[in-house]
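Peer 1:
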Amino acid sequence: MLTTQILYALTGCVIVALGLRGALLHASLLQRIVAINVMGAGVFLLLITVAYRGPGLAPDPVPHALVLTGIVVAVSATALALALARRLHAERDDG
Amino acid sequence: MTELFLLSALGLMLGLFLGLLRVLLGPGVGDRMLATQLIGTAGVGMLLLLNVLLDQPALLDVALILALLAAVAAAAFTGQQQTQHD
Amino acid sequence: MINIMSAILILAGVFFYLAGSIGLLRLPDLYSRLHALTKADNLGLGLLAAGLSLHSQDLFIMLKLLLVWLAVLAASATSAHLIARQARRQETGS
Amino acid sequence: MNPASLLVFDVLLLLSIVGLAWASLATTDVRRSVILFIAFGLVLAVAWGRLLAPDVALAEAAIGAGLSGALLLAAAHRQPRLLTPESTNAPRNHGAAGAGVVLRWAVTLLCTALAGTLAWALLHVFSSTPHDMLPGAISANLAASGVSNPVTAVLLNFRAYDTLLELAVLLTAVLGIFALGQATPGYQPAGPVFDGLVRWLVPVLILTAGYLLWVGAHAPGGAFQAGAMLAAAGVVLRLAGRTDTGLPEGFVLRIVMAAGVGVFLLVGLALLLLGRPFLGYPPAWAGALILLIETAAMLSIAATLLLAFLGGQPESTGVKAAADRQREEISRC
């Protein structure tokens, strides 16, 4: 068990909790989207920490591949959410 | 030499924290954006140092991309969209 | 000898970077803070990159470091210009 | 290397990460929140580098700090009204906007409990004996995968199914965006200084994309990072006020959007016909096939991310626009 791993993992947990809290409590749609992105970053931090083996050792590539995929999916989901927010705005203005 | 690199990385980290204070204090949005640029430069510098410290040559590429995309955020921040339908 | 040179360059780079960040924190308004930023970006990172390329002694790595510095230089100059213009625009209220 | 001073570096890095995440979510000013989120992404890229994950650091630098930031900033800039609580004037939204103190504390408590549970589970994982079966299997089979970067091997060979489905997810997201409305209006010309930057930045971004695609076979890089760089080139052009962002139009655009999934599927089916498992490349061909799929995937990812930034179907300028106008006139008669 590495001190580095513990530190980064605990930080990841804190970020996930912060993101979730923001996503639940913010009234503004855009800030909820930001909060979900923060939460995702926390999850990525946890995964990369699990992959870390210590200095000079090759880390586990599977979580790295997962996170890489996750980053790209997160940005496209963010774009979809923003388009949805824009449409909601337009509808509300009409009605 | 390793000690020196670590010390320099810590120095950049200190600068990053000063930039962080400016991001938190503001007062204007422009000030915050400026401080974000400073944080970005600190990030580039730290990646350059980590590239030697951890023996990860690919971190040079990361630093390059971080530097290339630094201007994109600023442009998105200041860009004026044409007002057509909202 | 080369090690000492590269150490001096790197330390000078960090010094200028810190000077820039202190300036960003202490100077009174946006325009003078813009000024501080260029110290950090141009000089600080430039010296750091120069020190590291002396240390590496590899032509490919030197070229990449040069490219990183040029990118930071151009990006920071452009974004400083854009941010300053935006601030002026808001002040004049257009 | 002195582990103690590296530990100090780690602690400071993590403190800045937590501080930025907290600050980004503590404010109700949308633009401040987004700017802090961009800074958060920048610091995160350093953290990925520190944890020996350069592939992820590349993606974070290109997407997390660059493209997501531009996307969110543009949205915050466009509609500060929708996205701040003041605009939620419908009565049913009042509860959410002024969430009661009790609710706030309850949510905070719940999230703390979640963080505690997560931390407990992770510490349990770390303290148990490590199971090295998967990394062992990867390094044992890396030579036959056609590439020498283990992350690319996982993405394009060992777990190629996942990547195929991910490209399908991206395609679905764009189709969803298309279904929701038109592209956002273009930008005003950004002036000579930014134009000067555009003149060299766009070619450099395209070159970098090519470099990352090629280098992905044996070093960190690959289709995702390369696609993000190409998309960034388009975003820069858009921000500079150009109407032409390099995206093809009409039918060709549809082909480019579907190219990633399409080429992936075609390769898989061709291999099935040749009597091999779906996406089970013959080792001699693996390198070439992976490069082929990655090139198609890069183009699709670039188009997807750029369309995501546009926020809808691009306003067409060429032949298709003329045809559309004609059709409109006919229907008006």
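Residue numbers (our numbering), protein chains in the order written: chain L, 1 to 95; chain B, 1 to 86; chain S, 1 to 94; chain Y, 1 to 333.
Just so it is clear, CB atoms sit at the ideal spot from N, CA and C, and this is done for glycine as well.
Does the beta-carbon distance from GLY60 (chain Y) to ILE48 (chain L) come in below 8 Å?
Peer 2: Position check: residue 60 (chain Y) holds Glu in this sequence, whereas Gly was assumed. No, they are not a contact pair.
Peer 1: Return the bridge partner residues of GLN313 (chain Y) from the DSSP annotation.
Peer 2: In DSSP, GLN313 (chain Y) forms a bridge with Y:GLN182.
Peer 1: When DSSP labels each residue in this structure, what does TYR52 (chain L) get in the three-state scheme?
Peer 2: Coil, per DSSP.
Peer 1: Quick one: measure Cβ to Cβ for ALA45 (chain Y) and ALA57 (chain Y), integer angstroms, because I've assumed they're closer than 8 Å.
Peer 2: 5 Å between Cβ atoms; contact.
Peer 1: Are there three or more Cβ pairs, one per stretch, closer than 8 Å when the segment 72 to 80 of chain B is compared with the segment 24 to 36 of chain S?
Peer 2: Short answer: they don't touch.
Peer 1: Please identify the residue among L:LEU68, L:ALA90, L:GLN5 whose C-alpha is closest to the C-alpha of ALA226 (chain Y).
Peer 2: Comparing Cα positions, the closest option is L:LEU68.
Peer 1: For chain B, is any of its Cβ atoms less than 8 Å away from the one on SER32 (chain S)?
Peer 2: SER32 (chain S) does not count as touching chain B.
Peer 1: According to DSSP, simplified to helix, strand and coil, what is PRO63 (chain L)?
Peer 2: Helix.
Peer 1: Using 8 Å as the limit for Cβ to Cβ distance, is MET33 (chain B) near chain Y?
Peer 2: It does: the Cβ of MET33 (chain B) has a partner Cβ on chain Y nearer than 8 Å.
Peer 1: Can you grab the Cα-Cα spacing for the pair LEU292 (chain Y) / GLN80 (chain B), in whole Å?
Peer 2: LEU292 (chain Y) and GLN80 (chain B): Cα-Cα distance of roughly 39 Å.
Peer 1: Distance check for VAL34 (chain L) and ALA74 (chain L), CA to CA, integer angstroms please.
Peer 2: Approximately 11 Å, taken between the alpha carbons.
Peer 1: Identify whether SER145 (chain Y) lies in helix, strand or coil by the three-state DSSP scheme.
Peer 2: If DSSP states are grouped into helix, strand and coil, SER145 (chain Y) belongs with coil.
Peer 1: Would you verify that the beta carbon of GLN313 (chain Y) is, or is not, closer than 8 Å to some beta carbon of chain B?
Peer 2: With 8 Å as the cut-off, GLN313 (chain Y) does not count as an interface residue toward chain B.
Peer 1: Anything in chain B within Cβ reach of LYS55 (chain S), meaning under 8 Å, just list it in chain order.
Peer 2: First, the amino acid is wrong: residue 55 (chain S) is His here, not Lys. Those are MET1, VAL52, listed as they occur along chain B.
Peer 1: Under 8 Å between beta-carbons, which chain Y residues line up against ILE6 (chain L)? List them in chain order, please.
Peer 2: Correct list: LEU123, PHE126.
Peer 1: Taking 8 Å as the cut-off, does the segment 24 to 40 of chain Y touch the segment 194 to 202 of chain Y (at least 3 CB pairs, one atom from each stretch)?
Peer 2: The segment 194 to 202 of chain Y is not in contact with the segment 24 to 40 of chain Y.
Peer 1: Drop a sphere of 10 angstroms on the beta-carbon of THR36 (chain B), count the other beta-carbons inside from all chains shown, and report buried for 16 or more, exposed for fewer.
Peer 2: Buried is the call here.
Peer 1: What is the rounded straight-line gap between the Cα of ALA209 (chain Y) and the Cα of GLY221 (chain Y)?
Peer 2: The alpha-carbon atoms of ALA209 (chain Y) and GLY221 (chain Y) are separated by roughly 9 Å.
Peer 1: Taking the alpha-carbon positions, what's the GLY19 (chain Y) to GLY43 (chain B) distance?
Peer 2: Their Cα atoms are separated by approximately 16 Å.
Peer 1: Just to make sure I have the definition right: I need the residues of chain S whose C-beta is within less than 9 Å of the C-beta of GLY193 (chain Y). Which are they?
Peer 2: Looking at the sequence shown, residue 193 (chain Y) is not Gly but Val. Those are ALA77, THR78, HIS81, LEU82, ARG85, listed as they occur along chain S.
Peer 1: Quick one: what does DSSP say GLY12 (chain L) is sitting in, helix, strand or coil?
Peer 2: It is helical.
Peer 1: Rounded C-beta distance between ARG238 (chain Y) and PHE158 (chain Y)? I'm assuming under 8 Å.
Peer 2: Wrong, their Cβ atoms sit about 37 Å apart, outside the cutoff.
Peer 1: Can you tell which of Y:ALA74, Y:GLN313, Y:ALA240, Y:TYR281 has its C-alpha closest to the C-alpha of LEU175 (chain Y)?
Peer 2: Of Y:ALA74, Y:GLN313, Y:ALA240, Y:TYR281, the residue nearest in Cα terms is Y:GLN313.
Peer 1: Starting from the C-beta of PRO91 (chain Y), find all residues in its chain whose C-beta is less than 8 Å away, skip the five residues before and the five after it, and write them out in chain order.
Peer 2: Residue placement at PRO91 (chain Y) is flagged as unreliable, the pLDDT there being 42, under the threshold of 50; a coordinate-derived value is accordingly withheld.
Peer 1: Please name the residue in L:ALA83, L:LEU80, L:LEU82, L:PRO61 whose C-alpha comes closest to that of SER139 (chain Y).
Peer 2: Ranking the options by Cα distance to SER139 (chain Y), first place goes to L:PRO61.
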